[in-house]
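Protein chains in written order, with the numbering used here: chain H, 354 to 494; chain E, 60 to 125.
Below: one structure, written as structure tokens.
Right under this line is the structure:
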């Protein structure tokens, strides 16, 4: 079953056609938190289904599933990897509802050969002399 | 979210993780997530809401110490 409505599916397919390089979605599954009222939902299996649904729309998107890989503090999670390389772009949780857009946006960004930030932003980041971890808390509604 | 992802893609020093707050309620509570998007830098909550790229860069490069 598709993860998108037919009209959304053709739009996403068009967007994914613009990918300039392959993008791998590494889905990390493992022991998951059980949010209240959702104990019966297998978030890991659903995340795999979402990732595979996206991959079905583009020859440039592939999916790999790993059980409890090192370096993942939460499950499920999706590591968005341009050309299979871990560049620190990740979605922790099941990307559904509104948040499917974040996953698709991450794939589109990862599929670009050149970063899309302004030159002055890129210069500022190039001057960083320490590591920086950005966490963005989101909700699907 | 996309700005954070763009920063991570532009710099090997930066990582960017979207975290579904409902799914990880304990962490969301620790980070005092009352509105989304809530942005944390190096594990310290910083601000809520979308901002322009220049402001985003300014805030992540010079975060309040929390």
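All C-beta atoms, glycine included, are put in the ideal place defined by N, C-alpha and C.
What residue 468 of chain H touches in chain E, judged by beta-carbon distance under 8 Å, is 65, 68 and 69, going in chain order. Taking 8 Å as the upper bound on Cβ-Cβ separation, chain H lies near residues 80, 81, 82, 83, 84, 85, 86, 87, 90 and 92 of the segment 80 to 94 of chain E. Proximity of chain H to residue 96 of chain E at the Cβ level (cut-off 7 Å) is accounted for by 489, 490 and 491, in chain order. Within the segment 99 to 117 of chain E, the residues whose Cβ lies closer than 8 Å to some Cβ of chain H are 99, 100, 101, 102, 112, 113 and 116, listed in chain order. Nearest neighbour of residue 420 of chain H by Cα position, chosen from H:465, H:410, H:413 and H:431, turns out to be H:431. Closer than 8 Å to the CB of residue 443 of chain H there is at least one CB belonging to chain E. Apart from sequence neighbours up to five positions away, the residues of its chain that approach residue 478 of chain H with a beta-carbon distance below 8 Å are 470, ordered along the chain. Non-local C-beta neighbours of residue 116 of chain E in its own chain, meaning closer than 8 Å and more than five positions away in sequence, comprise 66, ordered along the chain. Nearest CB-CB separation between residue 446 of chain H and chain E: below the 8 Å threshold.
Pairing residue 380 of chain H with residue 418 of chain H gives a Cβ-Cβ distance under 8 Å. Using beta-carbon distances, residue 75 of chain E counts as an interface residue toward chain H, with a partner under 8 Å. Cα atoms of residue 435 of chain H and residue 88 of chain E: separation of roughly 32 Å, rounded to the nearest angstrom.
With a 10 Å radius around the Cβ and a threshold of 16 neighbouring Cβ atoms, residue 448 of chain H comes out buried. CA-to-CA, the gap between residue 405 of chain H and residue 429 of chain H works out to about 14 Å.
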